[in-house]
Amino acid sequence: MGGRVNEFVIHAASFIDAEGFGNDRTGRRPWPAAGAEALQRGDLEALRWSSLFNSETARFGRMDLLSRLGLMAVELLDAGFETMEPARRDTVGVCVETRSGCTATDLRFLQMPLASGFAYTLPSTVLGEICIRYRFRGPVLCLLPVPGQGGALEAALGWLKRGEAGACVCVACDQLDKKIAASALSPDDLPSGGWQGCAVLLGPRTSGSRELPWRSDALPRLARSFCSPGNPTAGPAG
Amino acid sequence: MDPALTTRRAAIATGGAVSALGLGLETLEAAVRDHPSGLRECPRLAGKGFQSTVAGFVPEEIWHELRQRDPAHADTPAFLLADAALREASNPLWNRRADDRATPSGAGQAGWSAPPASRRGLVLSTTKAEITALEREFRQQPCSPIAQRQLFPALLAADLAAAHGITGPVQCVSTACISGLLAIQQGALLIEEDQADLVFVVGVDLLSDFVLSGFSTLKSLEPGGCRPFDADRKGLSLGEGAGALVLVRSETLAPPALTVTGWGSSNDANHLTGPSRDGSGLALAILRALQKAGTPPEAVDFVHTHGTGTPYNDAMEGMALRWVFGARVPPYCSSKGWFGHTLGAAGLLETLVCLVAARQQILPGTAGLRTPDPSVPDSLLRAPRPAASLRRLLKLNAGFGGTNAALLLEWGGA
């Protein structure tokens, strides 16, 4: 990643997995005791919007678990999307990567083929959920990273460099069906609980904006490092 | 924008296709001229309770040939289809003569030589990859380790790259039914940004029970076969197949060649399985493609639409075309009546239709169409006809998740 990377910065990062959730400012918080045991066991059915946020959304309950993870990660960015002007939302690109894809959701659909479930049998559906919630209409891409190759961060940075997007939300989410996927996926970027969601917000460097140092790690590792307790690296643009 | 990024462009050197129409790019060339339908009753879908058993399926004799040729992949049909398309696309590259001007693409012209493996890339487009492996797992039927592995699209991409001696960049795009156009975009970027000298872009998807049952639950299939843009259209027909194309730097091809000049994507931010009702999302994607290419709307000669045949999709596309082109919508068509909706392969197969249409300077027709919907623009192509000048071609796709994509292609000099 060379060239004009320095014009663009990471403004925020977030993470959610079996151990907890948080963002670059709060660090990772452990799950509160209620429900923590289920989540650590990997029972994502226990994951509710109200587990993290002071609100409820009926739509969230209809989503598959991959979409829940991705959407929660974006909400955890706490990036003020709700106050963004419509014209700016048209320029926000959303780039998703997932190593596991939606295989676990596919298995559920095979067991119970319902119309409401079919929409989630695509790894890119999380991208649609994010765009619907935040009214983003910029460029879109869902990549399934090939081992050893680049992913969403590289693609999103390209959008910014070429002027195809004004800001980019990059999301990585994985829901691992261990029986099917364990041997096929790189353990480096998959958490022990078998599931994770993370997000970063990329954009141009602007005066006074939150800013995290650029690194070319894989997206989950990058977000995890920014959200680790005791390792907040945010600071004003300088 | 960095000026260095605008100096290189990718052009399509060769292609390969396998679909309901048969094996080989010549099947698409014949389709553009002769306007057939590849949709038929599919015996392997019968008696399973699907809303429709009319589909664009690869003929059994082709499956037999592919399995005979590669027994190790006999239970990985997605690999077999993608590999067949890639083999056809790559043959002219390696078998060319130094002065071979007869290759269909112009590959092999002065200035072009086969790049080393590390400068060759591959981008795969698929929605469900080797989904039949999951079906077999679920039914507790035998499933080879290769099939289990290729259930993961990224690993199918890696295996295809290895099989074709590619050690450069490899990507896998899975963004619903716009995957194919995004994969071409990603491949073109690898050329433009000098990460590769030659990129294979391949799209593949299978006609599976999984997908048929999904679209049946949505009640979006047309029992008699799709009729895009027809006044009485009721739904889509699914298909299977693979399309591959080879991208190289445009200046290495002798003109005329088909160059990728622009692309754009967008999201409707509206609905997961239905398009926006006003076409504004697709219009945004088209305008972005035109802007990247520096092409005004009035310079577009032809539009190859997504054209699934569902009432909402086709109405949405008609509105998007009017949004961008006003009262002067260029001639447009859909190819879904030829080989069905092939999902992750659609963008590739339909871009190859644009390629053969440009080579033959023919505007393709819209198979399945009987009575055009009076509400869509009246420049809809019912049957093929010679083009006065087919130079700038616009390819569109839209998909679940509110996704839209547009690709602008230019036929002519480098």
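Top line first, the protein sequences correspond to chains R and P.
Offset between the first sequence (1-based) and our numbering: plus 247.
Offset between the second sequence (1-based) and our numbering: plus 3.
Glycine residues also receive a C-beta, built at the ideal position from the N, C-alpha and C atoms.
With a threshold of 8 angstroms between beta carbons, Q174 (chain P) makes contact with chain R. Here D208 (chain P) carries a strand assignment [DSSP, helix/strand/coil].
Here DSSP, grouped into helix, strand and coil, assigns H344 (chain P) to strand. Remark: C-beta atoms of L31 (chain P) and A14 (chain P) do not approach each other more closely than 8 angstroms.
In chain R, no part has a C-beta under 7 angstroms from the C-beta of A191 (chain P); the shortest such distance is about 12 angstroms.
F82 (chain P) is positioned such that its CB atom lies closer than 8 angstroms to that of L159 (chain P). Linking P118 (chain P) to L163 (chain P) through their CA atoms gives a straight-line distance of about 18 angstroms.
Runs of the beta strand (DSSP E) spanning 3 or more residues and lying entirely within the segment 292-329 of chain P occur at 305-307, in chain order. The beta-carbon of G343 (chain P) is placed no less than 8 angstroms from the nearest beta-carbon of chain R. Legend: CB atoms of the segment 386-413 of chain R lying less than 8 angstroms from CB atoms of chain P belong to residues P386, V387, L388, C389, L390, L391, P392, V393, P394, Q396, G397, A402, G405, K408, R409, G410, E411.
Of P:D78, P:D86, P:E133, P:A161, the smallest CA-CA separation from S147 (chain P) is found for P:D78. Contact annotation: S268 (chain P) and G321 (chain P) have beta-carbon atoms that are not nearer than 8 angstroms.
Counting C-beta atoms within 10 angstroms of its own C-beta, R331 (chain P) has fewer than 16 neighbours from the protein chains shown and is therefore classed as exposed. Close partners of F365 (chain R) in chain P (Cβ separation under 7 angstroms): G217, T220, L221.
Looking from the CA of D37 (chain P), the closest CA among P:Q153, P:R70, P:W341, P:N407 belongs to P:W341.
Here the C-alpha atom of H167 (chain P) lies approximately 33 angstroms from the C-alpha atom of G217 (chain P). Scanning R:G405, R:T368, R:D424, R:W296 for the CA closest to the CA of T276 (chain P) turns up R:T368. Out of P:N316, P:R70, P:A157, the CA that lies nearest to the CA of G395 (chain R) is found in P:A157.
The C-beta separation of L215 (chain P) from L48 (chain P) comes to about 6 angstroms, placing the pair in contact by the 8 angstroms criterion. For the options R:G327, R:E332, R:L299, the alpha carbon positioned closest to that of L316 (chain R) is the one of R:L299. Contact between L125 (chain P) and V205 (chain P) holds, with the beta-carbon distance rounding to 7 angstroms and staying under 8 angstroms. Nearest C-alpha to E301 (chain P) among P:V356, P:C336, P:V327, P:A33: P:V327. By the 16-neighbour rule on beta-carbons within 10 angstroms, H258 (chain R) is buried. Not a single C-beta of chain R is nearer than 8 angstroms to the C-beta of A199 (chain P). Residue environment analysis places T311 (chain P) among the buried positions, since at least 16 neighbouring C-beta atoms fall within 10 angstroms of its C-beta. When DSSP states are grouped into helix, strand and coil, H258 (chain R) belongs to the strand group. Remark: three or more beta-carbon pairs, one from each stretch, lie closer than 8 angstroms, so the segment 317-327 of chain R and the segment 446-466 of chain R are flagged as touching. By the Cβ neighbour-count rule, T369 (chain P) is buried, with 16 or more other Cβ atoms within 10 Å of its own.
Put simply, the segment 344-358 of chain P touches the segment 248-261 of chain P. At least three CB pairs are less than 8 angstroms apart.
Fewer than three pairs of CB atoms, one per stretch, sit closer than 8 angstroms, so the segment 232-244 of chain P makes no contact with the segment 180-196 of chain P.
Contact fails between the segment 395-405 of chain R and the segment 351-368 of chain R, because fewer than three Cβ pairs, one in each stretch, are under 8 angstroms apart.
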